[in-house]
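Here is the structure we will look at, set down as structure tokens.
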Amino acid sequence: MNTEAKIIAGILGASVLIVIGAAVINGGGAKTQSTAASQSVPTQEIQGLTSSPQPFTLGNVPINSGVAKFSFKLLNENNQPLKLIRISTSCMCTLAAVRAGETKTDYFGMDMHGAGNPKIDFTIPAGSESELLVTFDPAAHGPQGVGAFDRSIRLEFSDPAGYKDIAFNGTVVNN
Numbered sequence: 034m035n036t037e038a039k040i041i042a043g044i045l046g047a048s049v050l051i052v053i054g055a056a057v058i059n060g061g062g063a064k065t066q067s068t069a070a071s072q073s074v075p076t077q078e079i080q081g082l083t084s085s086p087q088p089f090t091l092g093n094v095p096i097n098s099g100v101a102k103f104s105f106k107l108l109n110e111n112n113q114p115l116k117l118i119r120i121s122t123s124c125m126c127t128l129a130a131v132r133a134g135e136t137k138t139d140y141f142g143m144d145m146h147g148a149g150n151p152k153i154d155f156t157i158p159a160g161s162e163s164e165l166l167v168t169f170d171p172a173a174h175g176p177q178g179v180g181a182f183d184r185s186i187r188l189e190f191s192d193p194a195g196y197k198d199i200a201f202n203g204t205v206v207n208n
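Just so it is clear: in the sequence shown, position 173 is 206 by our numbering, and no numbers are missing.
Here is the structure:
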């Protein structure tokens, strides 16, 4: 085989490897998307779970004051426990967790780039009061984040299936 034929064979071989590699990578991406798409999302609001205060206003939050921490009371007015399977927030500046008695979930934030927060297995007992713990970082968006904001936390349940959206608002101000 002469030198020119070897170069052509090398280019063809490299091209085949690139095409195979692209197919493998694309196949992995499709699997990830179908996995994300196959996660069931509750379509109706859960009944018998109340939150207070609602609506909740933080008022003026100085941008350089550090992370604001606050909580909502959750009351399960049902005669059966609620199975909490997921917590997510509307923005990266907000994290949320749920505490029932001495048991607490991890803090979860915004779903990012199509990858949802992991499922959890947490029970809110029937007829009980629990707490939604929230942190809000007023500096998360930098100086352009000064001004009014509205944020929400979504709690998703599997048994019975449903969701609860809890909102808060305020105004980020310069110190």
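Note that the Cβ used here is the ideal one computed from N, Cα and C, for glycine as well.
Backbone CA spacing between residue i and residue j [nearest angstrom]
| i | j | result |
| --- | --- | --- |
| F201 | P88 | 6 angstroms |
| N150 | A172 | 23 angstroms |
| N145 | C124 | Residue 145 is actually Met in this sequence, not Asn. The straight-line gap from Cα to Cα measures roughly 9 angstroms. |
| P75 | S121 | 13 angstroms |
| G99 | I186 | 20 angstroms |
| T138 | D198 | 17 angstroms |
| N93 | G180 | 9 angstroms |
| E37 | K152 | 57 angstroms |
| G160 | N112 | 6 angstroms |
| T83 | R184 | 18 angstroms |
| H174 | T90 | 19 angstroms |
Coil, strand or helix - residue i by DSSP
| i | result |
| --- | --- |
| G61 | With a pLDDT of 45 at G61, under the threshold of 50, the predicted position of this residue should be treated as unreliable, and no value is reported. |
| G178 | helix |
| T5 | Residue 5 cannot be examined here, being either before or after the span of the chain that is shown, 34 to 208. |
| I186 | strand |
| T138 | coil |
| I118 | strand |
| E164 | strand |
| I96 | coil |
| I153 | coil |
Proximity below 7 angstroms, CB of residue i to CB of residue j
| i | j | result |
| --- | --- | --- |
| R132 | E110 | no |
| K106 | E162 | yes |
| G178 | V205 | yes |
| P193 | P158 | no |
| E78 | G203 | no |
| S104 | L166 | yes |
| M116 | S191 | Before going on, a small fix: residue 116 reads as Lys here, not Met. In contact: K116 and S191 (Cβ atoms closer than 7 angstroms). |
Nearest candidate by alpha-carbon position, reference residue i, set the options
| i | options | result |
| --- | --- | --- |
| N208 | I199, P176, L115, Q77 | P176 |
| K130 | T156, P114, Q113 | According to the sequence shown, residue 130 is Ala rather than Lys. When each option's Cα is compared against that of A130, the closest is T156. |
| F169 | I44, G81, T127 | T127 |
| F141 | A148, G134, R119 | R119 |
| G134 | L108, Q80, A148 | L108 |
Those residues which DSSP pairs with residue i across a bridge
| i | result |
| --- | --- |
| D170 | In DSSP, D170 forms no bridge with anything. |
| S104 | L166 |
| L82 | N109 |
| A133 | T136 |
| I44 | Paired residues: none, contrary to the question. |
| L128 | T168 |
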